[in-house]
Each structure stands twice: as structure tokens, then as C-alpha cells.
Amino acid sequence: MIGISFLRIGRHRLLSACLAVYVVFVLGKLWHSTEVSRPFLVPLPVDKNLDHFRRSRSLKNYIDAIQILIEPSTTACDGPEQVSVLVLVTSSPSRVDQRAVIRSTWAQHMPTYFVLGTELSGDDSFSDVYLEAKEYGDMVVFDFEDHYQNLTLKTALMLQWSARRCPQAEFLFKTDDDVFVNPWMLRQVLKDNQGAKVLGYMKNNSFLHRDAYNKWFVPRWLRREDHLQEYLSGTGYLISGEYTTKLLKAANEVPLLNLEDVYFTYLVAKEALSLNLTHDRRLSPYKPWIPFACSYFGLASAHSLSPEEIKLAWDKLVSIVRERGDCENYEYLCHDWFLY
Ligand SMILES: *[C@@H]1O[C@H](CO)[C@@H](O)[C@H](O)[C@H]1NC(C)=O
Ligand SMILES: *[C@@H]1O[C@H](CO)[C@@H](O)[C@H](O)[C@H]1NC(C)=O
Ligand SMILES: *[C@@H]1O[C@H](CO)[C@@H](O)[C@H](O)[C@H]1NC(C)=O
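Quick note on numbering: the sequence shown equals residues 4 to 343 in the working numbering.
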């Protein structure tokens with residue numbers, strides 16, 4: 004008896020010690036990262052990048068004029084196998100490390116392709132993209148300026164490409180290159196939401212950003228109403244394969260907006276097509292606050308991770324899936340709890 008209760012106390016002490024050490028570590032990391040990220044906080048006005056919307060807001064006008072420069076000659080959709088989820092990842096030419104880590108981790112478990120535009124600045128950047136595309140055969144490159152304010156065009160091109168190259172996919176998963184995906188939980192999410200047409204993390208009752216220096220700025224001449232009833236976060240949402248073409252068609256009647264998720268999930272899917280949006284909290288647009296390995300096990304996606312964090316989360320996830328099957332009865336060992 005005495006031995007057992009001693010062990011219990013010992014374990015509690017161990018837990019507290021783990022947490023204390025960890026909190027100090029996280030605080031240190033936070034302090035460090037605010038130091039490093041300061042130079043990036045210098046704002047740039049967004050609205051001059053939206054001027055072309057004054058000339059045209061017709062999606063068809065834009066995408067009909069955009070040529071495809073590179074695409075894989077064969078894809079996972081050319082074979083006889085069923086494709087349950089086709090993953091298209093928004094990326095840009097310079098984000099080589101993000102693509103590399105995704106290729107070596109979660110993309111091994113789902114057919115995944117990266118969609119890019121071109122960058123004006125680098126002379127070498129296009130030949131680099133060309134070589135990378137040739138080596139991996141998983142890149143789709145379009146001839147338009149790769150800019151955050153052009154994300155709606157990129158998403159439209161994704162829908163168009165998946166309708167053409169993978170019409171049999173049951174779902175298109177649109178995500179970003181700083182997102183960690185848990186393929187096992189993603190399949191579970193689909194199982195738990197049978198019949199869902201457009202599925203993701205629902206943001207309710209939001210307000211548009213009216214500050215011209217904000218990345219998500221929407222000027223009043225683009226949309227008068229401040230309030231948004233609901234939309235699905237663009238960090239990861241699923242569209243039923245039978246709706247990709249329907250969404251594109253409906254979008255031809257809906258004036259463009261720079262926020263791709265608001266545009267496609269709310270204005271086009273919900274308002275123009277009257278589709279119900281389905282919320283699942285596991286398609287998370289956030290990064291777990293404390294990097295418990297088991298938080299990543301419980302999510303289908305997590306957003307805003309560096310390539311290193313994606314790798315760490317992936318290695319832990321694989322060991323949980325392989326060795327334990329789930330996160331119940333998780334051993335209380337410090338190094339197992341946390342990603343780093
Ligand atoms: C977005 O792409 C369109 C079409 O190629 C182009 O006219 C526009 O300048 C781009 N916008 C930005 C901000 O790069
Ligand atoms: C948004 O509303 C939906 C439906 O009313 C609800 O199921 C969901 O939990 C809400 N989303 C969040 C993030 O609270
Ligand atoms: C959409 O949701 C509403 C309210 O929750 C429900 O009444 C309606 O049947 C749903 N429509 C479809 C097509 O599932």
C-alpha cells in the first residue's frame with residue numbers, strides 16, 4: 004500500500020515537474036519568436052492590390068485568360084483506383100521547404116498536388132519551379148501573379164483543375180502549405196459527416212476587416228455589409244466532387260471577393276447555391292496552444308505550423324497510430340507528451 008501511494012505521489016510530482024519545465028520552455032519560445040518576427044510586422048497597404056477588381060469582378064474573365072504552365076502528365080486519378088480525397092494545396096514558388104516536408108509526411112497517404120502562380124521578382128524562380136515539378140510530378144503552375152490577394156483566383160483554378168483531371172474524386176480537400184493534416188482523422192471526419200457537401204471549420208458571426216493594412220482587408224466598394232453570418236475557414240475545407248463544377252458555374256454569377264473562403268463557401272456555396280455548410284471542429288484553423296502530441300491525434304488538420312513543426316507532429320502522430328492505435332492509456336512520460 005505504502006509503495007503504491009508513494010508511486011502515485013511520485014507520478015504527480017513528475018507530471019507537475021514536466022508541466023513546469025514545459026511552461027518555462029514555451030514562454031521562452033514565445034519571447035524568442037516575437038523578437039524574430041518583429042521585422043515582418045512592418046505593414047503594407049493592401050488596397051492598391053485590389054485595384055483590378057474595379058475594372059472587373061467576373062471570375063470567368065480572369066480564369067479564362069490564365070494559361071496553365073505546368074501540370075503532372077499522370078496523376079493518382081488516372082488509374083482504376085477509387086479516389087476518396089484529392090488534396091490540393093495552395094503554395095507559392097519560394098515555399099520549397101513547406102512542400103518538401105509535406106511530401107515526406109502526410110502527402111504520402113493521400114494524392115496531393117500543389118497549386119502555384121508565378122513570382123515576378125526571381126529570374127531563377129521559374130526554372131527552380133520547373134525542375135521541382137519535373138522531379139516530383141505533383142505541381143500545377145498557372146500563369147498569374149502569385150499574390151495573397153489573388154487567392155480566390157487560385158482556388159477557382161483548383162476547382163477547375165480537379166474537375167478536369169480528377170472528376171471521379173469523391174471529395175476535394177483544399178488546404179494550405181502551412182497546414183498539418185492527419186489523414187486518419189480526415190477519413191473519420193468524412194465518415195462522421197455522411198452526406199455533407201461542403202465541410203470545414205465554421206466561423207460564425209464575423210466582421211470584415213476595414214483596415215487597409217490588414218492582410219484580410221475588404222474595402223467597402225467590394226462588400227458593403229460588415230457582418231458575415233458564416234463561412235468555412237480556408238485553411239482546410241472539403242467539397243464534394245459532384246459540386247466542384249457546380250460551384251464554378253455558380254461563381255460566374257457572383258462578383259469576385261479577395262477572401263477565397265468567404266467567396267466560395269459563403270457567397271457561392273451557401274448564398275448562390277443554397278448548400279448547407281457543415282461544421283467539424285477537427286478541421287481546425289488553429290495550432291494547438293500547447294503542443295501535446297495527442298492534440299494532433301485528435302485533429303484532422305492544424306494550421307500555421309512551420310515545416311519543422313509539421314515534421315515533429317507527424318513523427319509523433321505516426322508513432323501513436325502505429326504503437327498505440329489511439330490516445331487513451333497514454334503513457335505518462337515527458338518526452339511522449341510533447342512535440343518539442
Ligand atoms: C492577380 O492576377 C491578375 C490576373 O493575372 C492580375 O491582373 C493581378 O494584377 C494580380 N493581382 C495581384 C495583386 O498580383
Ligand atoms: C457555428 O454555428 C454552427 C451551426 O449553428 C455550430 O454548429 C458551430 O459549432 C459554430 N461554430 C463554432 C466555431 O462555434
Ligand atoms: C439545410 O439545413 C436546414 C436547417 O438546418 C434543413 O432544414 C435543410 O433540410 C437542409 N438542407 C439540405 C439540402 O440538407
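We treat Cβ as the ideally placed atom computed from N, Cα and C, and that holds for glycine.
Could you tell me the boundaries of the beta strand (DSSP E) in which residue 179 lies? Residue 179 sits at position 176 when you count from the first residue of the sequence shown. Where residue 179 is concerned, the enclosing beta strand (DSSP E) stretches over 174-179.
Ignore the nearest five residues each way along the sequence and tell me which others in residue 275's own chain have a CB closer than 6 Å to its CB. Counting from one through the sequence shown, the residue named residue 275 turns up at place 272. The residues are 253, 257.
With a CB to CB cut of under 7 Å and the five nearest residues on each side skipped, what residues in its chain are close to residue 2? The question about residue 2 has no answer here: the residues shown for the chain are numbered 4 through 343.
Checking the sheet assignment: what are the DSSP bridge partners for residue 211? Numbered from its first residue, the sequence shown carries residue 211 at position 208. Partner(s): none; residue 211 has no beta bridge.
Please return the same chain residues whose Cβ sits closer than 7 Å to the Cβ of residue 272, not counting the five positions on each side in sequence. The residue given as residue 272 occupies position 269 in the sequence shown. For residue 272, where only same-chain residues beyond five positions count, the Cβ hits under 7 Å are 201, 250, 278, 280.
Identify the continuous beta strand (DSSP E) that holds residue 305 and give its terminal residues. Your numbering for residue 305 matches position 302 in the sequence shown. Its beta strand (DSSP E) spans residues 304-306.
What number of angstroms, rounded off, separates the C-alpha of residue 110 from the C-alpha of residue 211? Locating residue 110 in the sequence shown gives position 107, counting from the first residue. Locating residue 211 in the sequence shown gives position 208, counting from the first residue. Taking the straight line joining both Cα atoms gives about 33 Å.
With respect to 7 Å, is the separation between the Cβ of residue 71 and the closest non-hydrogen atom of ligand 1 below this value? If you number the sequence shown from 1, residue 71 lands on position 68. Checking the Cβ of residue 71 against ligand 1 gives no.
On the DSSP letters alone, give me the boundaries of the alpha helix (DSSP H) that residue 3 sits inside. Missing from the structure shown is residue 3; the chain here goes from 4 to 343 and no further.
Below 6 Å CB to CB, which residues in the same chain sit around residue 184 once its five sequence neighbours on both sides are set aside? Counting from one through the sequence shown, the residue named residue 184 turns up at place 181. If we look at residue 184 and ignore the five residues flanking it on each side, its Cβ neighbours are 109, 304.
Can you look up residue 139 in the DSSP assignment and give me helix, strand or coil? Reading the sequence shown from its first residue, position 136 is the one you call residue 139. Helix.
Using 7 Å as the cut-off, classify the Cβ of residue 1 as near or not near the heavy atoms of ligand 1, replying yes or no. Residue coverage of the chain in this structure runs from 4 to 343, which leaves residue 1 outside it and unanswerable.
Output the boundary residues of the alpha helix (DSSP H) element that contains residue 56. For the purposes of this step, residue 56 is identified with residue 53 of the sequence shown, where counting begins at 1. 55-58 is the extent of the alpha helix (DSSP H) around residue 56.
Straight-line Cα distance separating residue 213 from residue 204: Numbered from its first residue, the sequence shown carries residue 204 at position 201. Numbered from its first residue, the sequence shown carries residue 213 at position 210. Going from the Cα of residue 204 to the Cα of residue 213 covers about 23 Å.
Can we say the region 120-135 touches the region 169-185, given the rule of at least three CB pairs closer than 8 Å? no
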